[in-house]
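Report on the following structure.
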Amino acid sequence: MFFLFKKIQNTLMSETVTITIDDKKYEVKKDISIYQACKSVGVYIPSLCYHSDIPAFARCGLCLVEVDNNGIVFSCAQRVAPNMTISTTSKNVQKRRYDMFQNFMDMPFYPRSKDIEDIFNFFEPKSSKSERKDDRNHSMKFTASLCVGCDRCVRMCSEVQGVGALNEGNPQINNNECISCGQCLKVCPTKALSVSQSTSVLLKNIAQRKTSILIIDPSIYSAMGEFFNEPPGNNVSGKLVCAAKMMGFKYVFDSSFGSDLYLLEEGNEFIEKILNTKLFPHFTSSCSAWINYVEKLNHGLIPYLSSVKSPHLIFGNLIKRYFAKKQNIKPENLFVCSLTACVAEKGEIKRMQLAGDVDCVISGTEFAGLMDMMEIFWERMRATNFSDFFTGNSGSSYLVSASGGITEAILRYVHEKITNKKPPQNDYLQWRGSTAIKKCEVTIGEHQLNICVCNGIKAAQGLIESSEYTKYHFIEVLSCPGGCIGGGALPHTLRNAGISARMNVLYELDKQSEKKIASENEQVKEIIKSTYDSIGSNKSLSLLHTRFEQQESAYLANARNGTVIHIAKTLTLTSKETINSLSSASFGNILGNRPVMNMINKFKEAISFNINPENVAQILKDKYAIFVINSAEVTESIETIFKFYDDLRDSFDELSSVKFAVCEFVNKQIKIPSKIGKQIDILMEQHLASQYSPYYDIDSNSTDHGESAFERWYLMLCYTMGVEAPRISSSVLFKLSKTKDKSIIDYPIRPTSFSFAKVLSKIPMNNSENCLINEYTIKAPKGTRYQAGDYVLVLPKNNPEFVSNAIKALQFDPNDVYKVKTLDSTSFIPEVVSIQQLFEQYLDLSCKPNQDILKVFEEAATDEEGKAKLNNFLDINKKEEFEDYIADKNIAEFIEEFGKYGVPELAKLITSCPKLAPRFYSIISFKDNNIKIVSGVHRFGKDMKRKGCSSSYLIRCEGQKIAIKITEGALKYPDDPSSPLIIIAVGLGIGSCMSLLNHRKTNEGPFGPAVVIFGSENKLIFSHLENELLKYKEDGTINNLFFAHSREPDSEFKHVQDAMNANMDLLWQLWNNDSIVFYYSGKIAALEKQLKDLMVQITIKKGGLRDEEAMAYNARHTFYIEIL
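For the record, in the sequence shown the residue sitting at position 1031 is 1031 according to full-length UniProt numbering, with numbers rising by one throughout.
Set out below in structure tokens:
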């Protein structure tokens, strides 16, 4: 008994750690951040970017603390450790915080928000001018004066929701990508992002004495009390009805009644697919934000969407047809308003094919505001019943507002219809809860159905991108985590506890209902018969169903006024607002609001010939036609292009005497980019004109807006035309301002989106003195998440000698510090950086010089000799000389040679110089935050004397900090651990495969059999890893292990294919199982096809199948391929 007590006592003690905060000792939970620990004991730490529902980002810098007198850390990202000493008040911490506070809070006045008020009470406010602009759509609005740039909204949209519709640095509502889920509204600390107001429409219609009807969604009355300080999980429907009646609504109905009709229609649609059409998967259509996602970003799924309108629109239609008739009220005298948790439904009712059923949507936020305006006091509200016209709804109708509820309700109905029996009471409860992906196979009658529930749009996105969605029959998607009860128009709540409490309200309502299935609602059945003929009838299809389609911009149609209709149907341009938002940043676009147009204008000014002719007569006279078309931006010049197209299309002139060229800038972010230039190119050839050069399209969304590609095009064009090519000054993508704050030198900011980790050890893979392959152990930050097969990205640093020589040649001070703003979305450069850090970690000094960097040095050269040399390299006629020069030269050496002739502007140098790219490494193992990877030294150049930047960087980093990031890998461990595995690895491909084996070793089985075949040149190169594989064989992690060494004379197998051919019987034993997973990892891309063909041959020889049968059989198996 004593030992049991001690064990329990030790377990309890292990749940906490002792730390010291500002000279006071505290016991806090282990495995939490310093910020959370301080908050739990009442020590205030300011923070702006931190939010409990999104991953720590460590951006604002307000939460800095000093740890163990040994350095300053971000308290939101650093976890507590036993005996840690934390200072929140040291002078260094206070100074750093105040400096970061000025960066984030520099505005004329601070918004009304408790978060911001607390921060301003902690610091001394400062005023400045904001350059941001107001913005709005039907669902949301952005108020620039309230935005403090904390980026909560950006991270909620990209990291939690996975949409990425907000432009980082200057949050705008991007109508081209935003799905209006409204989750960004819930985390905005200042209400800079808020719901678009509809209260004026509501008040106007109530004042006009229309018959006003409010329908209330269950998600609202499960959460509305939280606006008035009630705990989550209170059903406040009665108080809402009372408040609505006091506002002037004559009737107040429960929206769940309409959900029964929705469930019958969609259930019938799904049954039709099961029995007849077999068009799977069937995606639900109740969520407006999900529909926006499909129509805007994944329109290939449109055919698989249910065509049923959302429940509140169905209820609105029912009111205006059935209720109006029964009450003898003209539908035009009804005003139907929907009180909802959904932000996207505000935009939904504005859509042409959905307008008219519901006249107005108001959010919970607006309703609470109306109560305050009308002095309707929550505490005085008495529970009042819904208006009694619609009654008898089923328990299923309440479930629709929770993730998994639609699935549960639909399956209840489908079960009844197919089997003619009611489902058992506790069947189909597996869809409840807040798990991201909930999937299961169910059997209804003779039908086996694969069902999946996606809790949140990010879960759906992951399922779709993996292509796994194709194996399901029914997929429910609700965009907001938790379902409608987590909607953007509801009060923010901690996701797990608050969402669960709201769900329980709906589950309890279902439990209390005698009727469990939508078909048990007798009034709905009577309404269907009298108003819609029957479920699935043509009348119901006309009134209760809709048609979804790809959302396109109306700009092209407006610009063309219908002149070229057949083109307008196939081309798409973004709206003016979208384009402007894509090409701007918070500090103002360095290239201007229209960077492509600026480039074209510079080109026109510099050349000696005309571009973009207005008509056919002009090109017949000139004998040439050069088109430089900007289809990526909204400009007036596009009208000239369309006029020429019309003239050329209608012309009968032969243009055999004319030569032409077409260059077109297009926005390739758009699914179907506008390509009027391509149409002109086709027509010119049809009129027998000959090309100077083939049609050339340029992506305006590249980091330099297509400038370098455009330069290559016009240089080649001028060479072909025999005219002198113009020199156009380089543009810049960076804006720099020097700062006197040097603290960044000692406390560097991590590269954007990366974290700092420490290299603990380096172990050679063999005992050779010149071993070029090493195993590294890296200590990842606490809280790092990992799954078997993931990669670690390492952002390397340049050779210190290269860095020193380049900075010296440019006569820069390595300790100068700059604030950085950029339009380059691929850049990892942080907002504040020193010259030393810039050249060390961000500019790639090891790669070959390119034309861009030559150009900026030529522009800066003041010495005639140097200018002549650079001009010679830039001459398109002397391309071979340039190639010979850079064959064994890197950028650091180029700078050292040409820096003496003139130093370019730093911003131009950064823009033109290639940036260091992160290197991907397969994770061999991950345990206690220790990452193991294998890296070989890459040699190249003349006599193979040069070494790769990243591989040589890791060699010298033992004991030092490096920048890393975990990202999803190509190989996935099977969901079913009993699945047999065939693992083929060649060379460094063994790294990813080792992670799968390590996962297998450290997790519980039972496991299916595993065969590993590893190929390399000889035993020596990977001797360390081969020994590890032998240990896996001994302990049973691997059942069969084979080595192939291509350069070992006595090796049993030379190549992995030899080992496979020699063990066909063994491989067929595993392959004759549909759950088997086949892995290949290596550098040889061609080997993928060879291995797949070999498995087909094994299937033919050992399985006795014909060629076509064997190929079809193999197609059923899962392959994971990783080409390094």
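Using N, Cα and C, we set each Cβ at its ideal position, and we do this for glycine too.
Contact under 9 Å by Cβ, residue i with residue j
i: Ser403; j: Asp260; result: no
i: Val986; j: Ile1084; result: yes
i: Phe280; j: Tyr472; result: yes
i: Ile676; j: Phe710; result: no
i: Tyr507; j: Leu399; result: yes
i: Cys184; j: Cys342; result: no
i: Gly182; j: Ser139; result: yes
i: Glu654; j: Leu683; result: no
i: Ala383; j: Cys153; result: no
i: Ser978; j: Gly1008; result: yes
i: Pro800; j: His1024; result: no
i: Lys659; j: Tyr714; result: no
i: His492; j: Lys186; result: yes
i: Val80; j: Val28; result: yes
DSSP three-state assignment for residue i, whether helix, strand or coil
i: Cys993; result: helix
i: Tyr764; result: Reading off the sequence shown, one finds Pro at residue 764, where the question assumed Tyr. Strand, per DSSP.
i: Val662; result: strand
i: Phe894; result: helix
i: Met247; result: helix
i: Val93; result: helix
i: Ile54; result: coil
i: Cys913; result: coil
i: Ser255; result: coil
i: Tyr532; result: coil
i: Arg136; result: strand
i: Gln197; result: coil
i: Asn333; result: helix
i: Phe123; result: coil
i: Thr570; result: In this predicted model, Thr570 has a pLDDT of only 26, less than 50, meaning its place in the structure is not dependable; the value taken from the coordinates is given anyway. Reduced to three states, the DSSP call for Thr570 is coil.
i: Asp115; result: helix
i: His1045; result: strand
i: Leu166; result: coil
i: Gln837; result: helix
i: Ser759; result: In the sequence as displayed, the identity of residue 759 is Val instead of Ser. Reduced to three states, the DSSP call for Val759 is strand.
i: Lys191; result: coil
i: Lys576; result: Low per-residue confidence applies at Lys576: pLDDT is 28, beneath 50, and the placement is therefore not dependable enough to give any value.
i: residue 1125; result: Past the boundaries of the shown model lies residue 1125; the chain is included only from 1 to 1124, so the question cannot be answered.
i: Val80; result: coil
Residue i versus the options, residue with shortest Cα-Cα distance
i: Ile923; options: Thr777, His138, Arg136 and Ile626; result: Thr777
i: Asn630; options: Val666, Ala58 and Ser657; result: Val666
i: Tyr695; options: Glu707, Ile680 and Ile983; result: Ile680
i: Tyr50; options: Thr1118, Gly149 and Phe122; result: Gly149
i: Val1011; options: His282, Lys1033 and Glu526; result: Lys1033
i: Ser737; options: Ser542, Ala907 and Ala1062; result: Ala907
i: Ile437; options: Ala460, Glu864 and Cys337; result: Ala460
i: Glu1026; options: Ser834, Leu988 and Arg380; result: Leu988
i: Val65; options: Ile54, Val43 and Pro82; result: Val43
i: residue 1150; options: Ala892, Gln512 and Lys1101; result: Given a span of 1 to 1124 for the chain in the structure shown, any question on residue 1150 remains unanswerable.
i: Lys515; options: Ser530, Pro781 and Gln425; result: Gln425
i: Phe1022; options: Thr784, Gly991 and Lys1102; result: Gly991
i: Gln686; options: Cys663, Asn1072, Asp650 and Pro55; result: Asp650
Any non-hydrogen atom of the ligand PLP within 8 Å of residue i CB
i: Thr88; result: For the structure depicted, the ligand PLP is absent and the ligand set is empty, with no information on it obtainable.
Original post:
Could you give the uninterrupted runs of the alpha helix (DSSP H) lying entirely in the segment 778-812, keeping only those of 4 residues or more?
Top reply: 800-810
Original post:
If you pair each beta-carbon of the segment 811-818 with each one of the segment 848-864, do three or more pairs fall below 8 Å?
Top reply: no
Subject >> alpha helix (DSSP H) runs wholly inside the segment 368-416, at least 4 long, in chain order >> reply: 396-399
Subject >> Segment contact, 8 Å Cβ cut-off, at least three pairs: the segment 748-755 with the segment 831-839 >> reply: Yes, since at least three Cβ pairs between the segment 748-755 and the segment 831-839 fall closer than 8 Å, the two stretches touch.
Original post:
Can you find at least 3 beta carbon pairs, one from the segment 802-816 and one from the segment 962-969, that sit closer than 8 Å?
Top reply: no
Original post:
Is the segment 357-368 touching the segment 195-209 in the sense that three or more CB pairs, one from each, lie closer than 8 Å?
Top reply: yes
**OP:** Kindly confirm or deny that the segment 245-252 and the segment 209-225 touch, where touching means at least three C-beta pairs closer than 8 Å.
**Re:** yes
Original post:
Of all the beta strand (DSSP E) runs that stay within the bounds of the segment 1072-1112, which reach a length of 3 or more residues?
Top reply: 1077-1082
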